[in-house]
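J.:
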Amino acid sequence: MAYLDAASSEPLHPAARAALLTALDDGWADPARLHGDGRRARLLLDQARQRVAAVLRCRADELSFTGSGTQAVHLAVLGTVAARRRPPTAGPAVVASAVEHSSVLHAIEQCERDGAQATIVGVDRQGRVDPAEFAAALPRAAAAARAPERRGAVLACLQSANPEVGTIQPAAEVAGACRYASVPLLVDAAASAGRLPIPGGWSLLTASAHKWGGPAGIGVLAVRKGTRWRSPLPADDREGRRVPGYPNVPGALAAAAGLEALDSERLTRETALRALTDRIRDRIPHVVPDTVVYGDPVRRLPHIVTFSCLYVNGEALVTELDRAGFCVSSGSACTADTLRPSHVLEAMGVVTHGNVRVSLPRATTADTIERFLAALPGIVAKLRGSADPAVSA
Amino acid sequence: MSMPRQPAPPGPALTIDALGRKCPIPIIMLAEQIRDVPLGALIAVLADDPAARTDVPAWCGMKSHEFVVERALPRGWAFVVRRCY
């Protein structure tokens with residue numbers, strides 16, 4: 000079986016696995032306690048925090064571990080809006096790209112139900128926001144909030160890169176515009192952390208350990224010093240008062256080990272995986288007729304390639320590829336829990352059916368990719384033959 | 000500058016009923032039947048799969064046919080396409 004769905008979850012890195020097993024024995028006690036076992040757990044947790052902060056280029060005291068990337072995003076969005084709320088007349092304004100992760104969009108929807116005004120910035124056909132258009136939305140959002148005392152929105156959200164099509168967003172340019180407009184910027188770096196350098200200029204940063212080869216059940220939330228943020232949840236002293244609940248010390252250590260390992264291998268792996276995804280991008284249109292490859296061909300995550308095969312059902316394609324030994328995901332409708340196609344493909348205005356996302360884990364070989372390229376044409380041809388609408392006309 | 004009065008747009012030369020059919024079926028039907036209308040004529044696709052709202056215009060863009068308009072129906076939408084070649 001060839002696992003080609005690293006963008007959903009990168010297999011646990013051996014370094015993370017080793018750290019997890021050790022930490023299960025050493026880091027089980029309550030790190031808030033003063034006894035020896037507690038102090039040891041505290042030491043391990045602080046160590047994990049420092050190591051993750053070093054890779055993500057932030058201060059250790061700015062970084063909290065959460066229960067998931069989604070929880071980190073929810074806390075980042077809701078906590079920033081909560082800290083800037085000006086009742087009762089001025090609804091806070093939030094700006095985000097149309098291709099953010101669903102956790103960002105759902106958190107913003109909740110803010111809207113609580114009176115916030117959201118401005119969603121569209122993307123081009125490659126899935127990238129135009130930084131000038133994003134910047135222009137900042138004062139508009141302020142006007143929508145009828146808050147003339149504010150020069151901008153209370154929060155802007157932009158991912159570092161898109162997890163579905165791999166396109167890298169102009170986060171640094173948008174950060175500059177946000178700084179100019181005095182708007183805190185949340186950068187959701189879940190797709191790129193450990194794979195690309197973290198773009199500078201963020202006020203809040205989120206990521207998820209299982210995307211970088213760490214364990215499930217660990218996310219990170221970093222809040223830059225000086226950023227106004229207030230927990231939207233009941234008070235709790237854990238994790239710098241940002242994340243309630245007993246911390247997962249073994250998970251944090253494993254996350255740190257996985258991130259360091261991925262980061263240290265970054266350049267060699269990036270080169271290797273980019274060559275493989277370039278190969279897929281180059282070959283697919285030749286070996287499968289009526290196929291379109293999505294996302295920016297150059298400014299993209301090295302491990303992701305997404306394409307659509309016209310006239311094929313995406314769900315059937317994923318099932319047939321699985322049967323042939325390839326685990327991939329799809330943005331087509333009916334391939335997840337939803338009847339709607341991916342909001343990212345919709346926002347890009349591209350064909351959503353017959354969609355396949357191939358995302359390469361760290362150890363992918365050229366041989367696997369050649370086998371995939373050899374298997375795909377026959378599978379697509381077979382499905383196209385079986386989808387003849389003439390029989391139903 | 001006076002513009003000549005535009006005649007009322009003619010109705011579609013052919014209407015494909017893909018209501019109740021999931022994508023890619025409406026797109027397959029469109030691709031197969033667009034050659035049944037004369038060059039420059041309109042063909043309408045009726046569909047109620049929300050994916051068609053993205054996929055019909057995207058398919059037209061890929062295949063260089065003209066996506067004319069989307070109209071809401073009591074159930075689903077009518078997508079009007081002009082055959083360009």
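So the protein lines, in turn, are chains A and B. Quick note on numbering that gives the first Met the number 0: the first sequence kicks off at 0 and runs consecutively. Quick note on numbering that gives the first Met the number 0: the second sequence kicks off at 0 and runs consecutively. Note that beta-carbon positions come from the ideal geometry of N, C-alpha and C, so glycine has one too.
Looking at the C-beta of Leu104/A, does it have a partner C-beta in chain B at a distance below 9 Å?
T.: On the first sequence, residue 104/A is found 105 positions in, with the first residue counted as 1. Judged by the 9 Å Cβ criterion, Leu104/A is not in contact with chain B.
J.: Quick one, are the C-beta atoms of Gly121/A and Ala95/A less than 9 Å apart?
T.: Taking the first sequence and counting its residues from 1, the one referred to as residue 121/A is at position 122. Taking the first sequence and counting its residues from 1, the one referred to as residue 95/A is at position 96. Not a contact, by the Cβ cut-off of 9 Å.
J.: Considering only the beta carbon of each residue, do Ala208/A and Gly257/A sit closer than 9 Å?
T.: The residue labelled residue 208/A in the question sits at position 209 within the first sequence. The residue labelled residue 257/A in the question sits at position 258 within the first sequence. Taking 9 Å as the Cβ cut-off, Ala208/A and Gly257/A qualify as a contacting pair.
J.: For Gly193/A versus Thr305/A, is the C-beta distance shorter than 9 Å?
T.: Stepping through the first sequence from its first residue, residue 193/A is reached at position 194. Stepping through the first sequence from its first residue, residue 305/A is reached at position 306. Result no, Cβ atoms of Gly193/A and Thr305/A do not sit closer than 9 Å.
J.: Is Gln116/A helix, strand or coil when you go by DSSP?
T.: Residue numbering aside, residue 116/A sits at position 117 when the first sequence is read from its first letter. In this structure, Gln116/A counts as strand in the three-state DSSP scheme.
J.: Return the residue from the list Ala171/A, Leu184/A, Leu232/A that minimises the CA-CA distance to Pro196/A.
T.: Locating residue 196/A in the first sequence gives position 197, counting from the first residue. With distances taken between Cα atoms, Pro196/A lies closest to Ala171/A.
J.: Taking beta-carbon pairs under 8 Å, can you tell me which members of the stretch 328-352 of chain A lie near chain B?
T.: Of all residues in the stretch 328-352 of chain A, those with a C-beta nearer than 8 Å to a C-beta of chain B are Ser331, Ala332, Cys333, Leu338, Arg339, Pro340, Leu344, Glu345, Gly348, Val349, Val350, Thr351, His352, reading in chain order.
J.: Which bits of chain A does Asp139/B rub up against, with CB to CB less than 7 Å?
T.: The requested residue 139/B does not occur in the structure, where chain B is confined to residues 0 to 84.
J.: Residues in its own chain within less than 6 Å of Leu261/A by CB, not counting five upstream and five downstream?
T.: For the purposes of this step, residue 261/A is taken as residue 262 along the first sequence, with counting starting at 1. Within the same chain, and ignoring the five residues on either side of Leu261/A in sequence, the residues whose Cβ sits closer than 6 Å to its Cβ are Gly193, Trp211, Gly212.
J.: Mapping the DSSP letters down to three states, classify Gly313/A as helix, strand or coil.
T.: Residue 313/A sits at position 314 when you count from the first residue of the first sequence. The answer is helix: DSSP assigns Gly313/A an H, G or I state.
J.: Mind listing the chain A neighbours of Ala57/B? Cutoff is C-beta to C-beta under 8 Å, in chain order.
T.: Within the second sequence, residue 57/B is the residue found at index 58, counting from 1. Per Cβ cutoff of 8 Å: Gly348, Val349, Val350, Thr351.
J.: Can you name the residues of chain B whose CB is closer than 9 Å to the CB of Asn247/A?
T.: The residue you call residue 247/A lines up with position 248 of the first sequence. Chain B residues near Asn247/A: none, gap ~39 Å exceeds 9 Å.
J.: Would Ser358/A and Val327/A be called neighbours here (beta carbons separated by less than 9 Å)?
T.: The residue labelled residue 358/A in the question sits at position 359 within the first sequence. The residue labelled residue 327/A in the question sits at position 328 within the first sequence. Contact: yes.
J.: Would you kindly report the start and end of the unbroken alpha helix (DSSP H) that includes Arg48/A?
T.: If you number the first sequence from 1, residue 48/A lands on position 49. Start and end: 35-55.
J.: Would you kindly check if the distance between the Cβ of Leu185/A and the Cβ of Thr79/A is under 9 Å?
T.: Position 80 of the first sequence holds residue 79/A. Position 186 of the first sequence holds residue 185/A. Yes; because the gap between Cβ atoms is below 9 Å, this pair is in contact.
J.: Quick one: Cα of Ala14/A to Cα of Arg361/A, how far?
T.: Working through the first sequence from its first residue, we reach residue 14/A at position 15. Working through the first sequence from its first residue, we reach residue 361/A at position 362. Near 13 Å, if we compare the C-alpha coordinates of Arg361/A and Ala14/A.
J.: If we count Cβ pairs, one from each stretch, closer than 8 Å, do we get three or more for the stretch 21-31 of chain A versus the stretch 40-48 of chain A?
T.: yes
J.: Buried or exposed for Tyr2/A, please, with buried defined as at least 16 other CB atoms from any protein chain shown within 10 angstroms of its CB.
T.: Start at 1 with the first residue of the first sequence, and residue 2/A comes out as number 3. Buried.
J.: Check each residue of the stretch 157-183 of chain A: if its Cβ is closer than 8 Å to any Cβ of chain B, include it; give the result in chain order.
T.: none
J.: Ignore the nearest five residues each way along the sequence and tell me which others in Arg298/A's own chain have a CB closer than 6 Å to its CB.
T.: Position 299 of the first sequence, counted from the start, is the residue given in the question as residue 298/A. These residues qualify, in order along the chain: Ile167.
J.: Taking 8 Å as the limit between beta carbons, can you name the residues of its chain near Pro87/A, skipping five residues before and five after?
T.: Translated into the one-based positions of the first sequence, residue 87/A becomes position 88. Unreliable placement is indicated for Pro87/A, whose pLDDT of 44 sits below 50; no coordinate value is reported for it.
J.: Should Thr53/B be labelled buried (16 or more other beta-carbon atoms within 10 Å of its own) or exposed?
T.: Reading the second sequence from its first residue, position 54 is the one you call residue 53/B. When all chains shown are included, Thr53/B counts as buried.
J.: Any C-beta of chain B sitting closer than 9 Å to the C-beta of Leu320/A?
T.: Counting from 1 along the first sequence, the entry for residue 320/A is found at position 321. No, Leu320/A lies away from the interface with chain B (no Cβ there is under 9 Å from its Cβ).
J.: For Arg56/A, collect the residues of the same chain with a Cβ closer than 6 Å to its Cβ; drop the 5 residues on either side in sequence, then sort them by chain order.
T.: Here residue 56/A refers to the residue found at position 57 when the first sequence is read from its first residue. The residues are Ile197.
J.: Of all the CB atoms in chain A, is at least one closer than 9 Å to the CB of Ala40/B?
T.: Counting from 1 along the second sequence, the entry for residue 40/B is found at position 41. Not closer than 9 Å to any Cβ of chain A, the Cβ of Ala40/B fails to qualify, so no.
J.: What distance in whole Å lies between the Cβ atoms of Gly348/A and Ala57/B, which are believed to be in contact at a cut-off of 8 Å?
T.: Counting from 1 along the second sequence, the entry for residue 57/B is found at position 58. Counting from 1 along the first sequence, the entry for residue 348/A is found at position 349. Going by Cβ atoms, the distance from Ala57/B to Gly348/A rounds to 6 Å, so yes, they are a contact pair.
J.: For the alpha helix (DSSP H) containing Gln32/B, name the first residue and the last one.
T.: Indexing the second sequence from 1 puts residue 32/B at position 33. 24-32 is the extent of the alpha helix (DSSP H) around Gln32/B.
J.: Which residues in the same chain have their Cβ closer than 7 Å to the Cβ of Cys83/B, if we skip the five residues on either side of it in sequence?
T.: The residue labelled residue 83/B in the question sits at position 84 within the second sequence. Same-chain partners within the cutoff: Ser63, His64, Glu65.
J.: Since I believe Arg20/B is in contact with Asp48/B (beta carbons under 8 Å), could you give me their beta-carbon distance rounded to a whole number of angstroms?
T.: Working through the second sequence from its first residue, we reach residue 48/B at position 49. Working through the second sequence from its first residue, we reach residue 20/B at position 21. With 8 Å as the limit, Asp48/B and Arg20/B qualify as a contact, their Cβ atoms being about 7 Å apart.
J.: Considering only the alpha carbon of each residue, which of Glu132/A, Gly90/A, Gln158/A lies closest to Ser101/A?
T.: Locating residue 101/A in the first sequence gives position 102, where the first residue counts as 1. Residue nearest to Ser101/A within the set Glu132/A, Gly90/A, Gln158/A is Gln158/A (criterion: CA-CA distance).
J.: Check Thr267/A in the structure and name its three-state DSSP category.
T.: If you number the first sequence from 1, residue 267/A lands on position 268. In the structure shown, Thr267/A sits in a helix (DSSP, three-state: H, G or I).
J.: Tell me whether the beta-carbon of Ala190/A lies closer than 9 Å to the beta-carbon of Val153/A.
T.: As a working note, residue 190/A is residue 191 in the first sequence. As a working note, residue 153/A is residue 154 in the first sequence. Not closer than 9 Å, so no.
J.: Which residue comes first and which comes last in the beta strand (DSSP E) that contains Ala97/A?
T.: On the first sequence, residue 97/A is found 98 positions in, with the first residue counted as 1. Premise fails: Ala97/A is in no beta strand (DSSP E) and is neither H nor E.
J.: For a contact meaning CB atoms closer than 7 Å, what does Val291/A contact in chain B?
T.: Locating residue 291/A in the first sequence gives position 292, counting from the first residue. Near Val291/A (Cβ distances below 7 Å), the residues of chain B are Met61.
J.: Would a C-beta distance cut-off of 9 Å place Leu309/A and Val355/A closer than the cut-off?
T.: Taking the first sequence and counting its residues from 1, one reaches residue 309/A at position 310. Taking the first sequence and counting its residues from 1, one reaches residue 355/A at position 356. In this structure, Val355/A does not lie closer than 9 Å to Leu309/A by Cβ.
J.: How many angstroms separate the CA atom of Glu269/A from the CA atom of Pro37/B?
T.: Translated into positions along the first sequence, residue 269/A becomes position 270. Translated into positions along the second sequence, residue 37/B becomes position 38. Their backbone Cα atoms lie some 51 Å apart in a straight line.
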